[in-house]
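Just so you know, the protein sequences line up as chains W and L, in that order.
For any residue, its number in the numbering used here is found by taking its place in the first sequence, counting from 1, and adding 13.
For any residue, its number in the numbering used here is found by taking its place in the second sequence, counting from 1, and adding 13.
Note sheet for the following structure.
2 protein chains.
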Amino acid sequence: MSIPWKGMTMCELLAMSAALPTDLETSLALLKPRGGELCPHADGWGVAVYEERAARLYKEPKAASSSRLFGSLRDYDISGRVILSHIRRANPAAIGKSYANTHPFEREVGGRSWTFAHNGKLTGIDQEQLTSFRPLGGTDSEHAFCLLLDHMKDFLSRDGGIADLDLALNQLVEKTTLMNRYGEANYFLSNGEHLFVHAHTYLHMLERHCAVDGQPQSVVLLATQPMTDEENWSCLVPNTICVFLRGEMIAQKATSGAATQDAWKAQQKEAESFRTRKAEAAANAARIEAEKDMYWECS
Amino acid sequence: MSIPWKGMTMCELLAMSAALPTDLETSLALLKPRGGELCPHADGWGVAVYEERAARLYKEPKAASSSRLFGSLRDYDISGRVILSHIRRANPAAIGKSYANTHPFEREVGGRSWTFAHNGKLTGIDQEQLTSFRPLGGTDSEHAFCLLLDHMKDFLSRDGGIADLDLALNQLVEKTTLMNRYGEANYFLSNGEHLFVHAHTYLHMLERHCAVDGQPQSVVLLATQPMTDEENWSCLVPNTICVFLRGEMIAQKATSGAATQDAWKAQQKEAESFRTRKAEAAANAARIEAEKDMYWECS
Numbered sequence: 014m015s016i017p018w019k020g021m022t023m024c025e026l027l028a029m030s031a032a033l034p035t036d037l038e039t040s041l042a043l044l045k046p047r048g049g050e051l052c053p054h055a056d057g058w059g060v061a062v063y064e065e066r067a068a069r070l071y072k073e074p075k076a077a078s079s080s081r082l083f084g085s086l087r088d089y090d091i092s093g094r095v096i097l098s099h100i101r102r103a104n105p106a107a108i109g110k111s112y113a114n115t116h117p118f119e120r121e122v123g124g125r126s127w128t129f130a131h132n133g134k135l136t137g138i139d140q141e142q143l144t145s146f147r148p149l150g151g152t153d154s155e156h157a158f159c160l161l162l163d164h165m166k167d168f169l170s171r172d173g174g175i176a177d178l179d180l181a182l183n184q185l186v187e188k189t190t191l192m193n194r195y196g197e198a199n200y201f202l203s204n205g206e207h208l209f210v211h212a213h214t215y216l217h218m219l220e221r222h223c224a225v226d227g228q229p230q231s232v233v234l235l236a237t238q239p240m241t242d243e244e245n246w247s248c249l250v251p252n253t254i255c256v257f258l259r260g261e262m263i264a265q266k267a268t269s270g271a272a273t274q275d276a277w278k279a280q281q282k283e284a285e286s287f288r289t290r291k292a293e294a295a296a297n298a299a300r301i302e303a304e305k306d307m308y309w310e311c312s
Numbered sequence: 014m015s016i017p018w019k020g021m022t023m024c025e026l027l028a029m030s031a032a033l034p035t036d037l038e039t040s041l042a043l044l045k046p047r048g049g050e051l052c053p054h055a056d057g058w059g060v061a062v063y064e065e066r067a068a069r070l071y072k073e074p075k076a077a078s079s080s081r082l083f084g085s086l087r088d089y090d091i092s093g094r095v096i097l098s099h100i101r102r103a104n105p106a107a108i109g110k111s112y113a114n115t116h117p118f119e120r121e122v123g124g125r126s127w128t129f130a131h132n133g134k135l136t137g138i139d140q141e142q143l144t145s146f147r148p149l150g151g152t153d154s155e156h157a158f159c160l161l162l163d164h165m166k167d168f169l170s171r172d173g174g175i176a177d178l179d180l181a182l183n184q185l186v187e188k189t190t191l192m193n194r195y196g197e198a199n200y201f202l203s204n205g206e207h208l209f210v211h212a213h214t215y216l217h218m219l220e221r222h223c224a225v226d227g228q229p230q231s232v233v234l235l236a237t238q239p240m241t242d243e244e245n246w247s248c249l250v251p252n253t254i255c256v257f258l259r260g261e262m263i264a265q266k267a268t269s270g271a272a273t274q275d276a277w278k279a280q281q282k283e284a285e286s287f288r289t290r291k292a293e294a295a296a297n298a299a300r301i302e303a304e305k306d307m308y309w310e311c312s
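Here you go:
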């Protein structure tokens, strides 16, 4: 059984790292209604699926729940070893709906697609200077992505890969600690091989193991909210970057700088308001339905 | 009335520059069957539509003619001032079908999407050294794109725009002349404002003018083959880069280095063979249909 939501955040993240290419069809189907129908993340959705060094990107600046493209994803062979996805609620609303403002973001480094999706608000991060990469849109998230890549690119191998994981992770911890100062920085960052996951405040993980055609398969799912209630999702330790490779966690390291709780509390309050309004709407619809039945019974 | 094809090339290009945002729905509908049904460009298709500084990319490594996504494009608001599209025939076939090998290609420079689509074969261009940009896939086309951007980026404004058109055009002529040495280099290159079109051997242009809500609208269509036969398409002068801005040609400049005619002749021969096979298949289908009718008449 799926869990529509427990609590609520500004955006929601869902990603996968797997030993063998696979799709996220079931999890994406559970994510879809949370983008605008069950939850108010109605300002955009995006999915990045890796095909060798390149990320196939599907995204739209509209609610996932009513998107025909999202609904058709199963037709487009969305199998890969790494998949990132995101449903967005623009905050502030002035940083509006547009393709450029929709996650995941993508840049090529050394002939590899690097992709990024973020949950949180990083007020003022645009004061950090950028050099090689610049945002196409107006979000703090894309600015943070450019900031990370500007710094990381000098510590990657010539082909955009991770030659020295300790070195790369140390650099990422340094820049993520800087991000943490501006707000909440839960994110996914990947080059199609390694998946870096920063749990700043709130991210969950599920491991699955099975065999596919006699080959051992390991899959790790990462999500803002647990996607199912019958499986053993664990909450990642806040202020930690975890590194996944082919379905296994291969490293983790702490970042510094706790997110302020104000934004989180405000979200919880708004979530409660949304729940109340949804419940009222449902009660209203039931009342109208009941009145219609009464009418038919009388006529 | 549409023209299915006159002659045939390895890939086909279609682009638009317009004063006011508009879509390419009719032209794309005419292009769709040429990607695998009427013509053998069945290895991929792509459309880049600009939304401010960002290009929305839709592409798939499969035949446009049978693509559900291509067929659904009208649902996704594909309006813009600049649109690039491409249908691909892999040549050589070893540089196979993949998302990374499908045009248009895209890179961010100065916070703008630069996009590129190419028709032709540039054998050996991968020996040209690259610095800032590297291919995600294995095509000569993407290598050429990276080569152009590596050179162009130093002559752009800080926001990825064209500050000095003469300067930018001179740089582009220099690198395009280098490309010409490797083969056939018909291409579109854009940053969402300016559209640079290199007619190396064979490209056509159509201008349309009208009023939209009292505003003057100018649209320029560029295509490998004329898309309609009742309009006045003109053939661009070979070895020329033309620059379009908001539906008007604002500059042009000659490149050097004629493409060899061997590849062109081979394509024409293959096109003739494809036409013959299509005609035979159609005759065969008609014969079967006629025999079926005879059967029904007898029974």
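Backbone N, C-alpha and C define an ideal beta-carbon position, used for all residues, glycine too.
Computed from a predicted model, the values in this text were never measured in an experiment.
Residue i and residue j closer than 8 Å at C-beta
| i | j | result |
| --- | --- | --- |
| phenylalanine 257 of chain W | valine 233 of chain W | yes |
| glycine 173 of chain W | glycine 123 of chain W | yes |
| glycine 150 of chain L | alanine 113 of chain L | yes |
| proline 34 of chain L | leucine 70 of chain L | no |
| leucine 143 of chain W | lysine 188 of chain W | no |
| leucine 26 of chain L | asparagine 199 of chain L | yes |
| arginine 120 of chain W | glutamate 119 of chain L | no |
Nearest residue (CA-CA) to residue i, options the options
| i | options | result |
| --- | --- | --- |
| asparagine 183 of chain L | L:Ser269, L:Met218, L:Phe83 and L:Pro148 | L:Ser269 |
| glutamate 243 of chain W | W:Ile263, W:Leu219, W:Lys266 and W:Val225 | W:Leu219 |
| cysteine 248 of chain L | L:Glu187, L:Lys72, L:Lys110 and L:His217 | L:His217 |
| asparagine 104 of chain L | L:Ser85, L:Asp88 and L:Thr136 | L:Thr136 |
| asparagine 132 of chain L | L:Gly260, L:Glu293, L:Gln238 and L:Gly227 | L:Gln238 |
| aspartate 88 of chain W | L:Ile91, L:Tyr89, L:Asp90 and L:Phe83 | L:Phe83 |
| alanine 264 of chain W | W:Ala298, W:Ala271 and W:Ile175 | W:Ile175 |
| asparagine 193 of chain W | W:Met165, W:His207 and W:Ala157 | W:Ala157 |
| proline 74 of chain W | W:Phe146, W:Glu141, W:Ser111 and W:Leu86 | W:Ser111 |
| lysine 266 of chain W | W:Phe146, W:Ala130 and W:Leu180 | W:Leu180 |
| histidine 213 of chain W | W:Ser203, W:His164, W:Ser231 and W:Ala271 | W:Ala271 |
| alanine 32 of chain W | W:His207, W:Thr241 and W:Met240 | W:His207 |
Per-residue burial, residue i [other beta carbons within 10 Å of its own, 16 or more giving buried]
| i | result |
| --- | --- |
| isoleucine 96 of chain W | buried |
| alanine 28 of chain W | buried |
| glycine 57 of chain W | buried |
| serine 80 of chain L | buried |
| leucine 37 of chain L | buried |
| alanine 236 of chain L | buried |
| serine 170 of chain L | exposed |
| tryptophan 309 of chain L | With a pLDDT of 46 at tryptophan 309 of chain L, under the threshold of 50, the modelled position of this residue cannot be trusted; read the value that follows with caution. That one is exposed. |
Alpha carbon of residue i to alpha carbon of residue j, nearest angstrom
| i | j | result |
| --- | --- | --- |
| histidine 99 of chain W | arginine 125 of chain W | 21 Å |
| histidine 211 of chain W | threonine 39 of chain L | 46 Å |
| isoleucine 108 of chain W | proline 251 of chain W | 27 Å |
| leucine 45 of chain L | alanine 61 of chain L | Here residue 45 of chain L is lysine; the residue named in the question, leucine, does not match the sequence. Computed Cα separation, rounded: 15 Å. |
| tryptophan 127 of chain W | methionine 262 of chain L | 36 Å |
| cysteine 223 of chain L | leucine 178 of chain L | 27 Å |
| histidine 54 of chain W | cysteine 24 of chain W | 6 Å |
| glutamate 64 of chain W | proline 229 of chain L | 44 Å |
| arginine 221 of chain L | glycine 227 of chain L | 16 Å |
| alanine 296 of chain L | leucine 86 of chain W | 38 Å |
| glycine 196 of chain W | lysine 134 of chain W | 6 Å |
| arginine 94 of chain W | alanine 130 of chain L | 28 Å |
| glutamate 293 of chain W | arginine 66 of chain L | 42 Å |
| valine 225 of chain L | serine 231 of chain L | 10 Å |
| serine 203 of chain W | methionine 165 of chain W | 12 Å |
| alanine 299 of chain W | leucine 41 of chain W | 29 Å |
| serine 145 of chain L | serine 145 of chain W | 9 Å |
| threonine 190 of chain W | tyrosine 215 of chain W | 16 Å |
| isoleucine 78 of chain W | phenylalanine 209 of chain L | For clarity, residue 78 of chain W is serine in the given sequence; the question names isoleucine instead. The straight-line gap from Cα to Cα measures roughly 39 Å. |
| lysine 72 of chain W | asparagine 245 of chain L | 37 Å |
| threonine 241 of chain L | threonine 241 of chain W | 54 Å |
Check: residue i C-beta below 7 Å from any heavy atom of the ligand ATP
| i | result |
| --- | --- |
| glutamate 293 of chain W | Although the ligand ATP was asked about, the structure shown includes no ligands whatsoever. |
Inter-residue CB distance, residue i and residue j (contact presumed, cutoff 8 Å)
| i | j | result |
| --- | --- | --- |
| arginine 101 of chain L | threonine 115 of chain L | 6 Å |
| isoleucine 254 of chain W | leucine 185 of chain W | 6 Å |
| alanine 68 of chain L | glycine 48 of chain L | The pair is not a contact, with the Cβ atoms about 20 Å apart (cut-off 8 Å). |
| glycine 260 of chain L | serine 30 of chain L | 5 Å |
| aspartate 167 of chain L | aspartate 153 of chain L | With 8 Å as the limit, aspartate 167 of chain L and aspartate 153 of chain L do not qualify as a contact, their Cβ atoms being about 23 Å apart. |
| proline 148 of chain W | glutamate 155 of chain W | 4 Å |
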